[in-house]
Structure formats: structure tokens, C-alpha cells
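Asks:
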Amino acid sequence: MVPESVNLSDLSEQLLVDGVALERDNNALHQDLMAAKDYAASRGVGELGIAVLDAPPARLADMRDIAQELARDTGIATVVVKVPGTAAVVSTRYSRADLEKAQQSLVVQPDYGVGVRGFADSLAHPLPVGLLSTLLLVVIAAAVGASLMRIKAYT
Numbered sequence: 001m002v003p004e005s006v007n008l009s010d011l012s013e014q015l016l017v018d019g020v021a022l023e024r025d026n027n028a029l030h031q032d033l034m035a036a037k038d039y040a041a042s043r044g045v046g047e048l049g050i051a052v053l054d055a056p057p058a059r060l061a062d063m064r065d066i067a068q069e070l071a072r073d074t075g076i077a078t079v080v081v082k083v084p085g086t087a088a089v090v091s092t093r094y095s096r097a098d099l100e101k102a103q104q105s106l107v108v109q110p111d112y113g114v115g116v117r118g119f120a121d122s123l124a125h126p127l128p129v130g131l132l133s134t135l136l137l138v139v140i141a142a143a144v145g146a147s148l149m150r151i152k153a154y155t
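Residue numbers 1 to 155, in the UniProt record's numbering, belong to the letters of the sequence shown in order.
1) What is the rounded straight-line gap between the Cα of residue 153 and the Cα of residue 144?
2) Where does the unbroken beta strand (DSSP E) through residue 92 begin, and where does it stop?
3) Please confirm if the region 54-61 is in contact with the region 28-43, defined as three or more CB-CB distances below 8 Å between the two stretches.
4) Below 7 Å between beta carbons: does that hold for residue 64 and residue 88?
5) Should residue 136 go down as buried or exposed, given a rule of 16 or more other Cβ atoms within 10 Å for buried?
6) Would the region 32-41 and the region 64-76 be scored as touching if the rule is three or more Cβ pairs under 8 Å?
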């Protein structure tokens with residue numbers, strides 16, 4: 001549920017202008033997020049909207065509702081809603097699993113622009129965890145096998 005304190009129509013209008021919406025005017029942050037949005041586009045992430053709220057809603061689950069409403073109202077494929085300490089993302093282009101992995105960059109990075117760039121990098125090149133795990137096991141098995149062969153050769 002979207003809290004009454006969040007002005008969805010104002011945020012939607014701002015997103016439709018240039019893809020960045022701020023609850024409170026902050027020109028430096030706006031410019032940084034515009035540059036981060038351009039970076040995301042250069043990485044092939046596609047259409048991205050970024051809305052920044054001054055404080056998280058009382059229920060963090062409402063963040064996703066806000067993002068969904070903004071995406072619905074604007075038609076933007078991927079919408080990020082960022083507040084201090086957390087973020088919510090919805091997308092018609094990416095799976096929820098990919099978004100949740102990439103979202104960590106938004107959550108852990110206090111610099112919002114850097115967080116959006118990390119988010120874009122994660123979406124542009126998601127790491128196939130299963131493949132990496134398999135490769136790591138093969139390397140470990142090969143190292144153990146080589147060590148055992150050396151030990152056997154010396155005995």
C-alpha cells in the first residue's frame with residue numbers, strides 16, 4: 001500500500017520528464033543520478049527510472065508498492081525507489097531474482113549514484129552462480145588431486 005505521505009503524481013511527473021524524481025529538490029543529487037542513469041543505459045540496462053524518498057515508509061513492504069505504482073503510471077520498464085538504507089526495484093524487463101541480486105549495490109552503497117552504477121553493472125553482467133560454483137569445485141578437486149599425486153610420488 002502506498003502511504004498517503006508519498007506524492008505519487010509528483011514523482012511520476014518528474015520521472016516522465018527525465019527519469020529521476022526527488023521528493024525534495026537537490027540539484028547535485030539529481031545531476032549525479034542523471035549521470036548514473038546514462039551510465040546504466042550505456043551498459044544496456046534499458047529504460048530506468050529512479051525515485052528518491054527522504055525517509056522510508058513505516059512499512060518497508062510499501063517501497064515495492066510505490067515502485068510498482070510509479071512503473072504503472074509512467075510505463076518505465078525498470079523503476080528504483082531509494083531511501084536511506086534500503087531500496088526497492090520492479091521491472092518488466094528483468095526477473096525478480098536478477099533484481100534482488102543487483103539491488104544489493106543500491107542497499108549497501110551510501111552514495112546513491114555509485115549504487116545505481118553498481119546496480120547497472122550487476123544487471124548487465126549477472127554472475128551465473130551455479131556455473132561459478134561448479135568451476136570452483138573443479139579447481140579445488142584438481143588441486144587436491146595434484147597434491148595427492150605429489151605425495152604419492154614422494155612415498
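Glycine included, C-beta positions come from ideal geometry on N, C-alpha and C.
Replies: Let me spell this out:
1) Position 153 of the sequence shown, counted from the first residue, corresponds to residue 153. Position 144 of the sequence shown, counted from the first residue, corresponds to residue 144. Taking the straight line joining both Cα atoms gives about 14 Å.
2) Against the sequence shown, residue 92 aligns to sequence position 92. Run containing residue 92: none; DSSP gives neither H nor E here.
3) no
4) For the purposes of this step, residue 64 is taken as residue 64 along the sequence shown, with counting starting at 1. For the purposes of this step, residue 88 is taken as residue 88 along the sequence shown, with counting starting at 1. Yes. Within cutoff.
5) In the sequence shown, the residue the question calls residue 136 occupies position 136. By the neighbour-count rule (16 or more Cβ atoms within 10 Å), residue 136 is not buried but exposed.
6) no
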